[in-house]
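First residue of the sequence shown: 52, per this note's numbering; consecutive thereafter.
Note that beta-carbon positions come from the ideal geometry of N, C-alpha and C, so glycine has one too.
Keep in mind that this is a model prediction, so the values were computed, not measured.
First comes the structure, then the notes that go with it.
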Amino acid sequence: MSVIKLMRGDITRLSVDAIVNAANPTLLGGGGVDGAIHRAAGPQLLQECQTLGGARPGEAKITHGYNLPARWVIHTVGPIYRGGESGEAETLSRCYENSLCIARSYGLRTVAFPSISTGAYRYPIEEASRVALGTIDRFLRECSYYEMEPIIVLHTEGDLQVYIENAEEMGITYEVQR
Ligand code: AR6
Numbered sequence: 052m053s054v055i056k057l058m059r060g061d062i063t064r065l066s067v068d069a070i071v072n073a074a075n076p077t078l079l080g081g082g083g084v085d086g087a088i089h090r091a092a093g094p095q096l097l098q099e100c101q102t103l104g105g106a107r108p109g110e111a112k113i114t115h116g117y118n119l120p121a122r123w124v125i126h127t128v129g130p131i132y133r134g135g136e137s138g139e140a141e142t143l144s145r146c147y148e149n150s151l152c153i154a155r156s157y158g159l160r161t162v163a164f165p166s167i168s169t170g171a172y173r174y175p176i177e178e179a180s181r182v183a184l185g186t187i188d189r190f191l192r193e194c195s196y197y198e199m200e201p202i203i204v205l206h207t208e209g210d211l212q213v214y215i216e217n218a219e220e221m222g223i224t225y226e227v228q229r
């Protein structure tokens, strides 16, 4: 059975099959983790993103990783948090699910996620972490024939603690990578 790995760090430094980008609907870069990924990947990433035609919240699209240690980047657009009654959880869940589906269709195994929507898009991390963990866990169970190694990379120790506490509470199999 696959396990969800949790770690603190900078997602742009990971040598994995794919990292996931918390993008905006233009898919043409921005601040936060999106800006860090574009800076580390170099200008060819933006060139390829210009051919994608953007994406709607919940969708995911894949590009090469260029100068990143990761081979691929899966760009997904999280929901902007507007109080939680506007379908935010469903949209956020589709971000994780669609990213994992793309990874599987490309035969990728190690896939690193940031905490989508919990920065500029202001999704409270308490709620967002439960959606992230629940969706990834469900995918691993439904897809147990395909061995995957999902990693959630948190930028701060405080964020990592929230994910650990919720994984514990939800009875999810996880491993902290220090
Ligand atoms: N590695 C891992 N996590 C990071 C890194 C990093 N290098 N940098 C930031 N984070 P955000 P969003 C964390 O704002 O909320 C962009 O402008 C950060 O601490 O990057 O989905 C896009 O273009 C936070 O926990 O993404 C969109 O316009 C998490 O990544 C908008 O922001 C997500 O924060 C998307 O907002």
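Using the beta-carbon count (16 or more within 10 Å), is residue i buried or exposed?
i    : result
M199 : buried
D85  : buried
T102 : exposed
V231 : Residue numbering for the chain in the displayed model covers 52 to 229; residue 231 lies beyond these limits and cannot be assessed.
G104 : exposed
G93  : exposed
R145 : buried
G158 : exposed
Span of the alpha helix (DSSP H) holding residue i?
i    : result
Q98  : P94 to C100
E136 : Counting along the chain, E136 falls outside any alpha helix (DSSP H), and DSSP gives it neither H nor E.
T186 : I176 to E193
V204 : Looking at the DSSP string, V204 is not in any alpha helix (DSSP H); the run it does join, the beta strand (DSSP E), is E200 to L205.
V213 : E208 to M221
Going by beta-carbon coordinates alone, are residue i and residue j separated by less than 8 Å?
i    : j    : result
Y196 : P130 : no
T114 : Y147 : no
N217 : R189 : no
V71  : Y225 : no
L97  : G80  : yes
I215 : L57  : yes
Less than 8 Å between the CB atoms is what I'm expecting for residue i and residue j, so what's the real figure, rounded?
i    : j    : result
D68  : V162 : 6 Å
S168 : L143 : 6 Å
E139 : Y132 : 6 Å
Suppose the cutoff is 8 Å on Cβ atoms and the five residues either side in sequence are ignored; what does the same chain contact list for residue i look like?
i    : result
A106 : A74, P76, L78, K112, H126, T127 and V128
M221 : R181, L184, G185 and D188
Under 7 Å from any heavy atom of ligand 2, does the C-beta of residue i make it?
i    : result
H126 : Inclusion of ligand 2 in the displayed structure is not the case, the ligand content consisting of ligand 1 alone.
For the beta strand (DSSP E) containing residue i, list its first residue and its last residue.
i    : result
V162 : T161 to F164
R107 : Where R107 is concerned, there is no enclosing beta strand (DSSP E), given that its DSSP letter is neither H nor E.
Near residue i, what residues of its chain come up, given a Cβ to Cβ distance below 7 Å and the 5 sequence neighbours on each side ignored?
i    : result
V213 : I176, E177 and S180
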